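Visitor: My structure is below; once you've seen it, I'll send some questions.
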Amino acid sequence: MPAAYTVNKILQNDRVTETIYKMKVDLGGGPQPAPGQFYMVRGWEGNDPLLSRPISVNDAGEGTVTFLYEVRGRGTHLLSQLPAGGQVSLLGPAGTGFPVGEVSGRVAVVTGGIGLAPMVYTAKSLQNCQVDFFCGFRDQSYELESLQGAVQRVAVATDSGREGQKGFVTDLFSVADYDWVLTCGPQVMMEKLGRACLDAGVRCLLSLERHMACGVGACLGCTCKTAHGAKCVCKEGPVFRAEEVIL
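Quick note: to get my numbering, add 76 to the position in the sequence shown (first position is 1).
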């Protein structure tokens with residue numbers, strides 16, 4: 077686990093929707109992140125805000141990493157104002173990602189809202205699988221063009237009905253049709269999926285979201301209950317097997 081932040085050049089930082097931004101950063105020779113990992117990101121000096129922001133890897137190329145993030149508060153607002161050519165501080169890659177080498181057969185990738193972000197890189201990294209991508213949004217989809225050529229099918233559900241099917245993303249498919257389900261999104265959505273997979277005997281991996289302070293498992297501020305006791309989402313996770321966390 078990296079012990080210090082590195083200062084990295086921003087290659088692009090573009091607005092995708094009213095609240096969603098996409099930032100591409102030069103890793104400067106740093107290690108390639110794995111699908112499902114994240115970085116602690118800091119784009120300001122001083123202690124306002126005090127904490128860096130954990131942002132998952134949306135994509136990665138040779139020597140670069142891309143973040144797809146939602147502006148929710150002061151920290152992400154400051155990140156959204158950084159220009160191409162500017163600098164951002166990164167700690168990572170951190171966490172335990174998706175074991176994509178274990179996944180095979182028919183795979184459903186299921187996302188809700190900004191939970192889409194880490195699942196694009198994950199879907200692209202799956203090999204010798206038939207991947208269907210199910211995504212839920214409030215009103216407007218985004219970044220689905222990034223999946224072109226990586227998945228067999230993309231299906232959309234929206235709360236408003238503006239795109240795709242109106243309603244919950246979990247209504248778009250049956251878990252029994254798949255060998256694996258990989259998911260990231262709202263906790264209630266993942267709990268529903270995880271329980272359905274356990275009932276159907278389908279292997280399921282969930283990427284959890286928690287508020288994080290250190291990002292390296294030192295402060296114990298992001299612990300979650302598991303079948304094997306409390307674990308740090310930033311270190312033992314964010315990816316867990318359903319049988320570990322659906323209690």
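We put the CB at the ideal spot given by N, CA and C, even for glycine. Keep in mind it's a predicted model, so treat the numbers as computed, not measured.
Identify, in the order they occur along the chain, each residue of the same chain with its Cβ nearer than 7 Å to the Cβ of P78, setting aside the five sequence neighbours on each side.
Guide: For the purposes of this step, residue 78 is taken as residue 2 along the sequence shown, with counting starting at 1. Interpretation of P78 is limited by its pLDDT of 47, a score under 50 that renders its predicted location unreliable; the figure taken from the coordinates is listed afterwards. Correct list, in chain order: L167, G168.
Visitor: Tell me, please, which residues DSSP counts as bridged to C308.
Guide: For the purposes of this step, residue 308 is identified with residue 232 of the sequence shown, where counting begins at 1. Answer is T299, bridged to C308.
Visitor: Would you mind reading off the limits of the alpha helix (DSSP H) that contains T152?
Guide: Walking along the sequence shown from the start, residue 152 turns up at place 76. 150-156 is the extent of the alpha helix (DSSP H) around T152.
Visitor: Helix, strand or coil: how does DSSP classify P169 here?
Guide: Translated into positions along the sequence shown, residue 169 becomes position 93. Looking at P169 - three-state DSSP - the assignment turns out to be strand.
Visitor: Ignoring anything shorter than 4 residues, give me the alpha helix (DSSP H) runs that lie fully in the segment 190-278, in order along the chain.
Guide: List check, alpha helix (DSSP H) in window: 192-201, 263-276.
Visitor: Near A110, which residues of its chain fall below 6 Å by C-beta distance, leaving aside the five closest residues on each side in sequence?
Guide: As a working mapping, residue 110 is identified with position 34 in the sequence shown. Cβ neighbours of A110 beyond the five flanking positions: G173.
Visitor: Would you kindly report the start and end of the unbroken beta strand (DSSP E) that includes A184?
Guide: For the purposes of this step, residue 184 is taken as the residue at position 108 of the sequence shown. Where A184 is concerned, the enclosing beta strand (DSSP E) stretches over 181-188.
Visitor: Quick check on V117: does DSSP put it in helix, strand or coil?
Guide: For the purposes of this step, residue 117 is taken as residue 41 along the sequence shown, with counting starting at 1. Strand, per DSSP.
Visitor: Look at the alpha carbon of G291 and the alpha carbon of K311, and state the distance between them as a whole number of angstroms.
Guide: Looking up residue 291 in the sequence shown gives position 215. Looking up residue 311 in the sequence shown gives position 235. If I take the Cα positions, the gap works out to 7 Å.
Visitor: CA-CA distance, Q216 and D247?
Guide: By one-based count along the sequence shown, residue 216 stands at place 140. By one-based count along the sequence shown, residue 247 stands at place 171. The straight-line gap from Cα to Cα measures roughly 18 Å.
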